[in-house]
């Protein structure tokens with residue numbers, strides 16, 4: 067349940083009235099709620115396009131991610147159901163032109179460098195920038211989820227499962243990078259729907275769904291590597307967690323050294339097992355970085371995820387976020403999956 071829940075929470079939409087209460091994950095329903103999509107010009111001077119991960123049977127709602135505006139089928143866009151895309155009829159506040167994707171180096175919202183084009187910068191929009199430039203699409207589909215369904219992990223996490231089943235107290239500690247801090251989540255960016263990062267969603271929804279008291283202790287720090295997680299373990303150990311979530315990789319793939327990543331992760335897993343033998347662990351594989359950015363080579367992500375697979379066993383489960391990202395990017399684009 068737990069490893070599957072983490073992946074679910076990364077992709078499930080927030081209900082407007084309570085951003086801590088989430089709808090179904092995309093593999094759980096033929097109704098896809100609030101799927102994130104950028105509104106991009108795909109050819110110079112062409113129409114603005116929003117893409118979906120599956121073919122739409124019926125588009126139910128299209129709204130700006132920051133909840134400022136609702137767009138109407140027929141009036142604002144047409145639906146290309148077979149192509150899994152919305153074609154907008156004119157300009158929109160959220161729309162991005164091709165020329166905006168590669169701003170001049172040193173200019174606002176720029177960050178070096180593009181793969182194969184070291185002289186080019188890439189569009190960089192921290193904080194609420196992407197929340198103000200994306201759409202949320204709710205639609206029904208007859209097409210199956212294009213990826214695999216994340217498996218439950220109750221067999222690997224029997225102690226945590228028993229605590230939750232008995233409505234007992236559960237303490238979760240997080241060791242990770244900026245993704246685990248909730249950086250750029252809409253709550254931190256002060257943008258609607260003001261949804262926090264995944265650690266808070268995991269804790270809140272475990273508590274809501276099981277009736278257990280769940281306490282979260284988040285030690286994640288932006289920009290860190292798995293090697294930091296190893297050295298920082300004594301600080302986490304002092305809080306004596308029942309469950310440790312380990313989530314690194316985005317700042318490690320640029321090394322192009324999966325073996326090193328496995329060794330460092332195995333070292334941290336070993337330290338946790340030695341110091342807190344009753345604690346269980348979830349390893350979170352990284353989401354995919356932009357394939358055009360030099361520091362996130364696309365070919366590395368599967369290799370790094372596969373190294374984590376080899377570390378699972380009794381007391382250690384895997385939340386395979388990499389696979390879910392790959393399923394979305396079968397038809398969607400990197401800029402569709404930024405932000406929270």
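Numbering (the numbering used here), first residue to last: 67 to 406. Don't be surprised by glycine CBs; every beta carbon is placed ideally from N, CA and C. If you're wondering where the values come from, they're calculated on a predicted model, not measured in any experiment.
Residue i versus residue j - alpha carbon distance
i           : j           : result
residue 279 : residue 263 : 19 Å
residue 282 : residue 236 : 9 Å
residue 395 : residue 234 : 39 Å
residue 295 : residue 124 : 45 Å
residue 349 : residue 328 : 11 Å
residue 158 : residue 141 : 12 Å
residue 399 : residue 137 : 21 Å
residue 289 : residue 212 : 31 Å
residue 145 : residue 115 : 10 Å
residue 326 : residue 155 : 50 Å
residue 390 : residue 88  : 17 Å
residue 380 : residue 343 : 11 Å
residue 164 : residue 112 : 9 Å
residue 363 : residue 357 : 6 Å
residue 333 : residue 109 : 48 Å
residue 82  : residue 309 : Residue confidence for residue 82 is low, a pLDDT of 47 falling below 50, so the modelled location carries little weight and cannot support an answer.
residue 84  : residue 277 : 18 Å
residue 181 : residue 365 : 13 Å
residue 195 : residue 244 : 17 Å
residue 320 : residue 184 : 16 Å
residue 305 : residue 169 : 45 Å
residue 368 : residue 345 : 27 Å
residue 388 : residue 298 : 25 Å
residue 90  : residue 372 : 27 Å
7 Å CB neighbourhood of residue i in its chain, flanking five on each side removed
i           : result
residue 275 : none
residue 335 : 347, 377 and 382
residue 406 : Note that residue 406 scores 41 on pLDDT, short of 50, meaning its location in the model is unreliable and no value can be drawn from it.
residue 117 : 103, 150, 151, 397, 398, 399 and 402
residue 179 : 186, 187 and 360
residue 177 : 187, 188 and 190
Within 8 Å, strictly: CB atoms of residue i and residue j
i           : j           : result
residue 307 : residue 238 : yes
residue 303 : residue 240 : no
residue 191 : residue 173 : no
residue 148 : residue 121 : yes
residue 386 : residue 104 : no
residue 255 : residue 193 : yes
residue 331 : residue 374 : yes
residue 86  : residue 384 : no
residue 133 : residue 259 : yes
Residue i (DSSP reduced to helix, strand or coil)
i           : result
residue 96  : coil
residue 337 : helix
residue 406 : Below a pLDDT of 50, predicted positions are generally treated as unreliable, and residue 406, at 41, falls in that range; no measurement from the model is reported.
residue 239 : strand
residue 249 : coil
residue 82  : With a pLDDT of 47 at residue 82, under the threshold of 50, the modelled position of this residue cannot be trusted; read the value that follows with caution. Looking at residue 82 - three-state DSSP - the assignment turns out to be coil, as it is neither helix nor strand.
residue 382 : strand
residue 151 : strand
residue 108 : coil
residue 394 : helix
residue 273 : helix
residue 146 : strand
residue 371 : helix
residue 441 : This structure cannot speak to residue 441, because the chain is shown only from 67 to 406.
residue 353 : coil
residue 287 : coil
residue 301 : helix
residue 281 : strand
residue 326 : helix
residue 139 : strand
residue 389 : helix
Own chain residues within Cβ distance below 8 Å of residue i, not counting five before or after
i           : result
residue 269 : 238, 280, 281 and 282
residue 101 : 79, 92, 118, 119, 202, 203, 204 and 205
residue 107 : 113, 114, 115, 161, 162, 163 and 164
residue 215 : 93
residue 143 : 116, 128, 137, 152, 153, 154 and 155
Assumed close pair residue i, residue j - CB separation to whole angstroms, cut-off 8 Å
i           : j           : result
residue 224 : residue 246 : No, residue 224 and residue 246 are not in contact; Cβ-Cβ is about 25 Å, not under 8 Å.
residue 203 : residue 128 : 5 Å
residue 229 : residue 272 : So it is not a contact: roughly 10 Å between Cβ atoms.
residue 318 : residue 292 : 6 Å
residue 96  : residue 208 : 7 Å
residue 341 : residue 257 : Wrong, their Cβ atoms sit about 40 Å apart, outside the cutoff.
residue 139 : residue 200 : Not quite, the Cβ-Cβ distance comes to about 18 Å (not below 8 Å), so this is no contact.
residue 248 : residue 313 : 12 Å between Cβ atoms; not a contact.
Own chain partners of residue i with C-beta closer than 6 Å, once the 5 adjacent residues on each side are dropped
i           : result
residue 167 : 189
residue 315 : 352 and 370
residue 393 : 212 and 213
residue 284 : 240 and 265
residue 222 : 383
Residue i CB to nearest heavy atom of the ligand SAM below 7 Å
i           : result
residue 137 : Ligands displayed in this structure: none; no statement on the ligand SAM is therefore possible.
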